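Engineer:
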Amino acid sequence: MHRMFDITSKQHFVSTAVITPRNVAEAQAIVKLYNKFEIPLWPFSTGRNVGYGGAAPRIPGSISLNLGKHINKILKVNVDGAYALVEPGVTYADLYQSLVDNNLERGVGYTPYNKSSSSLYRPSSDGLYISHGTLVCTGMGALPNPYADLNAPLHEQEPNSAWQLFNYGFGPYNDGIFMQSSLSIVIKMGIWLMVNPGGDLKTKKFNLGRWNFYGALYGPEPIRKVIWEVIKGAFSAIPRAKFYIPEDMPNNVILQTRDLTLQGIPTITKLK
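Residue 1 is where the sequence shown starts when you use full-length UniProt numbering, and the numbers rise one by one after that.
Rendered as structure tokens:
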């Protein structure tokens with residue numbers, strides 16, 4: 001394991017050995033053992049986050065913990081709640097393909113939900129972590145499912161049904177300290193999904209649009225006519241672009257509201 005982009009030689013940040021735990025219990029036991037003997041441990045999922053060093057340890061000679069080789073399952077996809085519960089080895093491609101193969105209407109990737117400090121989509125920020133060899137659930141996961149088998153290991157218990165739905169329901173919102181840090185090992189994480197926008201059937205039926213642009217022209221009529229021809233010519237270059245004035249769509253509340261507000265006429269029609 002080495003860092004792909006570094007000013008030092010490839011041999012500088014090299015692991016002494018690589019361990020690939022097959023499940024959560026093995027990863028937990030490894031962390032306990034290495035804490036006992038104070039051996040540097042460098043966990044990574046797939047090692048492809050090259051911007052942060054990939055699989056290369058920050059301390060030369062560390063033992064690398066490859067979580068992604070075996071701990072790589074998509075544990076749950078909840079369509080109604082729009083979330084997925086994944087293990088460290090799950091990639092963008094894995095989750096995307098799973099959603100496509102199962103014909104689900106949720107999507108992930110470069111959506112607005114991706115704007116976060118995590119390297120995976122948009123985390124619901126509720127996860128299962130290994131800290132000093134102890135498993136810790138955060139957020140609503142800290143509250144047990146009343147129907148769970150409490151005699152089973154924590155990672156095998158049926159979790160609280162609200163675990164991935166709400167970040168702030170129970171306890172401090174401290175998940176940020178676990179993201180891309182050395183304070184624990186993330187072993188499960190929830191991912192919020194976005195609804196797939198779908199096809200064109202509804203947009204055609206209701207005369208909607210993938211995008212809508214509203215505007216107004218001001219000034220004397222001769223000037224407005226010239227400006228309109230310029231605008232129409234520019235937007236006409238877009239395939240299937242259509243133009244409407246308020247008289248064309250008397251029942252379109254948004255267009256009628258814009259018509260009034262852009263004239264400076266107050267209206268609460270949109271709020272009714």
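From the three backbone atoms N, C-alpha and C, an ideal C-beta is built for every residue, glycine too. It should be emphasised that the depicted structure is a prediction, and the values quoted were computed from it without experimental measurement.
Whether or not the stretch 150–165 and the stretch 66–86 are in contact is what I'm after, with contact meaning three or more pairs of Cβ atoms, one per stretch, closer than 8 Å; do they touch?
Structural biologist: At 8 Å Cβ cutoff, the stretches touch.
Engineer: Go ahead and label Y244 buried or exposed: buried means 16 or more other beta carbons lie within 10 angstroms of its beta carbon, across all protein chains shown.
Structural biologist: So Y244 ends up on the exposed side.
Engineer: Taking the CB atoms as reference points, tell me whether A216 and L262 lie closer together than 7 Å.
Structural biologist: Their beta carbons are under 7 Å apart, which means A216 touches L262 by this criterion.
Engineer: What does a CB cutoff of less than 7 Å around N160 pick up in its chain, not counting 5 residues either side in sequence?
Structural biologist: Around N160: M140, G141, L143, P144, N145.
Engineer: By the three-class DSSP mapping on this structure, what secondary structure does A84 have?
Structural biologist: Strand at A84.
Engineer: Spatial neighbours of R48 within its chain, please: C-beta separation below 7 Å, excluding the five flanking residues on both sides.
Structural biologist: Around R48: G54.
Engineer: Which value, in whole angstroms, describes the spacing of the CA atoms of N114 and M194?
Structural biologist: Only weak support is given to the placement of N114: the predicted model assigns it a pLDDT of 47, under 50, and the value that follows is read from those uncertain coordinates. C-alpha separation (whole angstroms): 10 Å.
Engineer: Check S45 in the structure and name its three-state DSSP category.
Structural biologist: S45 falls in the coil class under three-state DSSP.
Engineer: What are the start and end residues of the alpha helix (DSSP H) that includes K32?
Structural biologist: Note, K32: alpha helix (DSSP H), 24–36.
Engineer: Leaving out the 5 sequence neighbours to the left and right, which residues in its chain are closer than 6 Å to G61 when beta-carbon positions are compared?
Structural biologist: T16, listed in sequence order.
Engineer: Please indicate yes or no: does the CB of V77 lie closer than 6 Å to some heavy atom of the ligand COA?
Structural biologist: The ligand COA is not part of the structure shown, which contains no ligands of any sort.
Engineer: Opposite I63 in the DSSP bridges: which residues?
Structural biologist: The partner list for I63 (beta bridge, DSSP) reads A17, L41.
Engineer: With three or more beta-carbon pairs closer than 8 Å as the criterion, would you say the stretch 34–41 touches the stretch 88–95?
Structural biologist: Touching, no, given that fewer than three Cβ pairs across the two stretches are closer than 8 Å.
Engineer: Let me check one thing: in DSSP terms, what residues is N78 bridge-paired to?
Structural biologist: For N78, which the question treats as bridged, DSSP gives the partners Y83.
Engineer: What does a CB cutoff of less than 7 Å around A148 pick up in its chain, not counting 5 residues either side in sequence?
Structural biologist: If we look at A148 and ignore the five residues flanking it on each side, its Cβ neighbours are Q157, E158.
Engineer: To which residues does DSSP link K204 through a beta bridge?
Structural biologist: Answer is none; K204 lacks a bridge partner.
Engineer: Could you spell out where the alpha helix (DSSP H) holding I254 opens and where it closes?
Structural biologist: It spans 253–261 - the alpha helix (DSSP H) in which I254 sits, taken as one unbroken run.
Engineer: Would you mind working out which of I268, Q180, I187, Y34 sits nearest L154, comparing C-alpha positions?
Structural biologist: That would be I187, whose Cα lies nearest to the Cα of L154.
Engineer: When the Cα atoms are used, what is the spatial distance from R58 to F13?
Structural biologist: Looking at the two C-alpha atoms, the distance is approximately 6 Å.
Engineer: What is the DSSP secondary structure of K188, counted as helix, strand or coil?
Structural biologist: Three-state DSSP puts K188 in a strand.
Engineer: By the DSSP assignment, the alpha helix (DSSP H) with L95 in it spans what residues?
Structural biologist: Per DSSP, L95 belongs to the alpha helix (DSSP H) from 92–101.
Engineer: Rank M179, N151, I185, A82 by C-alpha distance to the C-alpha of G133 and give the top, closest one.
Structural biologist: Comparing Cα positions, the closest option is I185.
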